[in-house]
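Residue numbers (the numbering used here): 1141 to 1289.
What follows is the structure, given as C-alpha cells:
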C-alpha cells in the first residue's frame, strides 16, 4: 500500500488520539487516588443549603467546622434538586489551609472522575466505531446521496 497523504493523516490521527487517551488514563488514575485520599482524611459536619446560586444544581452550602467557624461555599458537581433549607452532610479536610469542602453525594465527590472515565471509554469507542464504519462502507460513491444539484 503506497503511503499517501491520506494514509499519513490517518496515522497522525491515531497517534494523537492514543496520546490523548494515555493522558486520560493517567488523569483517571490520579483522580481516583486523590478522591480516595480525600475520603480517607475528610471529616463530616452537618450543613444546610442557604441559597441557590444557579438553581437547585448549584447550592450555597453553610456548615460549622470543628473549630466553630461558620463556613459557606458554593457547591458544584453532578447534583440537583436542592432547595434552601435542605440539610446535607459536608465532608472537608480539617487540618488543611484549603478544606476542599463538598457534600456527601456521589455526583459531588466523583464528578470529575466519572467525566474522565467517560473519556477513557469514549475515545477508543469512537475510534473503533470510525474504523468499523470505514471497513464496512469504505470510500463508496456518496454522490447519489446529494440533496441538491
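Glycine is no exception: its CB is placed at the ideal position from the N, C-alpha and C atoms.
- Under the 10 Å beta carbon count, residue 1253 is surrounded by 16 or more other beta carbons and is classified as buried.
- The C-alpha of residue 1251 is placed about 23 Å away from the C-alpha of residue 1237.
- Measuring C-alpha to C-alpha distances from residue 1171 to each of 1265, 1277 and 1257 identifies 1257 as the nearest.
- Taking the CA atoms as reference points, residue 1175 sits about 7 Å from residue 1249.
- Residue 1162 sits in a helix when the DSSP states are folded into three classes.
- Closest option to residue 1259, judged by alpha-carbon separation, among 1147, 1150, 1165 and 1145: 1165.
- Of all alpha-carbon atoms in 1235, 1215, 1223 and 1270, the one lying nearest the alpha-carbon of residue 1182 is that of 1235.
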